[in-house]
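Enquirer: This is the structure I have questions about; it appears just below.
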Amino acid sequence: MQRQSFRDKRINNSKLARAKYTTGISFSQVYRNSELYRRNKSLIKELSTPPEGSNDLSFPTEYSQTFLTQCSACLWKQSLSYWRNPPYTAVKFFYTTLIALLFGTMFWGIGRKRHSQQDLFNAMGSMYASVLFMGVQNSASVQPVVAVERTVFYRERAAHMYSPLPYALGQVAIELPYIFVQSLIYGVIVYAMIGFEWTAAKFFWYLFFMYFTLAYFTFYGMMSVGLTPNYNVASVVSTAFYALWNLFSGFITPRTRIPIWWRWYYWLSLIAWTLNGLVTSQFGDVTAKFESNGVQVSEFVESYFGFHHDFLWVVAVVVVSFAVLFAFLFGLSIKLFNFQKR
0 MQRQSFRDKR
10 INNSKLARAK
20 YTTGISFSQV
30 YRNSELYRRN
40 KSLIKELSTP
50 PEGSNDLSFP
60 TEYSQTFLTQ
70 CSACLWKQSL
80 SYWRNPPYTA
90 VKFFYTTLIA
100 LLFGTMFWGI
110 GRKRHSQQDL
120 FNAMGSMYAS
130 VLFMGVQNSA
140 SVQPVVAVER
150 TVFYRERAAH
160 MYSPLPYALG
170 QVAIELPYIF
180 VQSLIYGVIV
190 YAMIGFEWTA
200 AKFFWYLFFM
210 YFTLAYFTFY
220 GMMSVGLTPN
230 YNVASVVSTA
240 FYALWNLFSG
250 FITPRTRIPI
260 WWRWYYWLSL
270 IAWTLNGLVT
280 SQFGDVTAKF
290 ESNGVQVSEF
300 VESYFGFHHD
310 FLWVVAVVVV
320 SFAVLFAFLF
330 GLSIKLFNFQ
340 KR
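With numbering that gives the first Met the number 0, the residue at position 204 of the sequence shown is 203, and numbering never jumps.
Take a look at the structure:
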């Protein structure tokens with residue numbers, strides 16, 4: 000009997016709840032018709048009206064500091080980051096010294112030899128090998144560093160600490176002194192051991208082309224990370240271009256012997272411009288003749304490779320332009336693309 004009474008009571012309560020639901024009571028409508036709602040609306044209107052004689056809040060710039068201050072702060076931050084990253088910086092210098100000693104002993108004294116055309120090919124081979132080894136190593140080693148720094152940049156950009164351009168300029172600028180030390184170590188060791196002609200102009204040109212070659216390879220690695228989601232994809236994409244630049248470098252097949260329908264890509268090969276500058280600066284003005292056939296060295300360089308000594312300044316400008324272009328594209332990719340995963 001008691002169980003039956005409890006069940007009837009529960010049924011009656013559910014019927015009552017359904018009846019209340021079907022009456023269509025709207026609590027939002029009740030609130031809208033209440034005095035509390037009218038007071039809140041009046042308070043919102045009062046607080047939304049600025050006092051007489053006041054002005055709206057306005058900020059002249061998006062960031063709290065000027066552009067130069069942002070650049071200075073980003074450069075300072077990158078300098079501390081690189082200084083505390085010996086696995087990248089110290090290993091790079093160790094690898095540079097090791098490769099310099101390796102190539103110096105392998106090509107010992109060939110820079111002074113003028114006996115035959117093969118001697119010139121051997122000297123050019125030392126330049127070709129050094130550019131390829133050092134350049135690819137710089138490009139590959141900088142990619143994981145840029146990928147980690149980009150993750151930090153995403154967090155700091157969300158806090159509006161600085162704009163993307165000062166960050167990109169800071170990371171590009173901090174690489175320049177490290178590349179200079181790297182090119183100086185390699186240039187002095189290799190130049191002395193291979194035995195190129197010791198004149199101020201030729202030594203300067205050698206260091207100049209090695210410096211900007213390492214620079215554009217480094218900035219190319221940074222750009223490839225900026226344009227791709229991670230450095231794994233960047234390494235795959237960049238490797239394809241290494242192979243193409245190597246094929247059209249002018250060492251395996253000189254420009255004068257490349258088929259005319261493929262010769263246009265020779266002018267897009269970064270390694271080709273570097274080899275042009277290195278060979279022209281060292282041998283483009285040599286008036287000595289080969290002992291084997293009596294051909295003048297400078298004439299052979301011009302006829303076989305198509306390298307003109309008067310064209311040296313143009314080559315220098317192009318090599319610098321490659322470095323500037325890749326640095327600019329890196330900054331642009333950081334500004335436009337966002338590969339952040341939440």
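Glycine is no exception: its CB is placed at the ideal position from the N, C-alpha and C atoms.
What you are looking at is a predicted structure, and each value in this text was computed from that prediction instead of being measured.
1. So, with DSSP's three-state summary, where would you put Q295?
2. Would you mind reading off the limits of the alpha helix (DSSP H) that contains E34?
3. Under three-state DSSP, which class holds K91?
4. Do I270 and L56 have their CB atoms nearer than 8 Å?
5. Exposed or buried, what is I43 when buried is set at 16 or more other beta-carbons lying within 10 Å of its beta-carbon?
6. Within 10 angstroms of the Cβ of F93, are there 16 or more other Cβ atoms? Answer buried if so, exposed if not.
7. Are Q69 and Y161 closer than 8 Å when you measure CB to CB?
8. Quick check on this structure: which residue in S237, G276, P85 has the alpha carbon closest to the alpha carbon of W204?
9. Measure the C-alpha to C-alpha separation of T60 and P50 and round it to an integer number of angstroms.
10. What do you get for T48, buried or exposed, if any count of 16 or more other CB atoms within 10 angstroms of its CB means buried?
11. Can you tell which of M221, T212, A122 has its C-alpha closest to the C-alpha of G169?
12. Would you list the one or two residues that DSSP bridges to K288?
13. Output the distance between the C-alpha atoms of F207 and E196, rounded to the nearest integer angstrom.
14. What are the complete beta strand (DSSP E) segments, minimum 3 residues, inside the region 90-146?
15. Since Q142 and S80 are thought to touch, with beta carbons under 8 Å apart, how far apart are those beta carbons, to the nearest angstrom?
16. Specify, as a first and last residue, the run of the alpha helix (DSSP H) that A158 falls within.
17. Mapping DSSP to helix, strand and coil, what is S237?
18. With distances taken from CA atoms, which of L331, W260, S237, Y265 is nearest G249?
19. Any idea what DSSP makes of V323, helix, strand or coil?
20. For Q181, I'd like the list of residues in its chain whose CB is within less than 7 Å of its CB, leaving aside the five on either flank, ordered along the chain.
21. Using DSSP with H/G/I as helix, E/B as strand and the rest coil, what is K340?
22. So Y303 is in the alpha helix (DSSP H); what residue range does that whole segment cover?
Expert: Once the coordinates are examined:
1. On the sequence shown, position 296 is the one that residue 295 refers to. Note: Q295 maps to strand in three-state DSSP.
2. As a working note, residue 34 is residue 35 in the sequence shown. Residues 34-47.
3. Reading the sequence shown from its first residue, position 92 is the one you call residue 91. Correct three-state label for K91: helix.
4. Locating residue 270 in the sequence shown gives position 271, counting from the first residue. Locating residue 56 in the sequence shown gives position 57, counting from the first residue. In this structure, L56 does not lie closer than 8 Å to I270 by Cβ.
5. Taking the sequence shown and counting its residues from 1, the one referred to as residue 43 is at position 44. Result: exposed.
6. Working through the sequence shown from its first residue, we reach residue 93 at position 94. F93 should be labelled exposed.
7. As a position in the sequence shown, residue 69 is number 70, starting the count at 1. As a position in the sequence shown, residue 161 is number 162, starting the count at 1. Their beta carbons are under 8 Å apart, which means Q69 touches Y161 by this criterion.
8. One-based indexing of the sequence shown puts residue 204 at position 205. Minimum Cα distance to W204 is reached at G276.
9. Numbered from its first residue, the sequence shown carries residue 60 at position 61. Numbered from its first residue, the sequence shown carries residue 50 at position 51. In a straight line, the C-alpha of T60 is about 25 Å away from that of P50.
10. By 1-based counting over the sequence shown, the position of residue 48 is 49. It is exposed - the Cβ of T48 has fewer than 16 other Cβ atoms within 10 Å.
11. Position 170 of the sequence shown, counting from 1, holds the residue named residue 169. Taking only the C-alpha atoms, the option nearest G169 is M221.
12. On the sequence shown, position 289 is the one that residue 288 refers to. K288 is bridged to Q295.
13. Position 208 of the sequence shown holds residue 207. Position 197 of the sequence shown holds residue 196. About 16 Å.
14. none
15. By one-based count along the sequence shown, residue 142 stands at place 143. By one-based count along the sequence shown, residue 80 stands at place 81. Not quite, the Cβ-Cβ distance comes to about 16 Å (not below 8 Å), so this is no contact.
16. Taking the first residue of the sequence shown as 1, we reach residue 158 at position 159. Here A158 belongs to no alpha helix (DSSP H), and DSSP marks it neither H nor E.
17. Residue numbering aside, residue 237 sits at position 238 when the sequence shown is read from its first letter. It is helical.
18. The residue you call residue 249 lines up with position 250 of the sequence shown. Checking every option, the nearest Cα to that of G249 belongs to Y265.
19. The residue labelled residue 323 in the question sits at position 324 within the sequence shown. V323 falls in the helix class under three-state DSSP.
20. Numbered from 1 along the sequence shown, position 182 holds the residue referred to as residue 181. If we look at Q181 and ignore the five residues flanking it on each side, its Cβ neighbours are K91, F92, T95, L213.
21. Counted from its first residue, the sequence shown places residue 340 at position 341. Residue state, collapsed to three classes: coil.
22. Position 304 of the sequence shown, counted from the first residue, corresponds to residue 303. Taken as a continuous stretch (DSSP letters only), Y303 belongs to no alpha helix (DSSP H), as it is neither H nor E.
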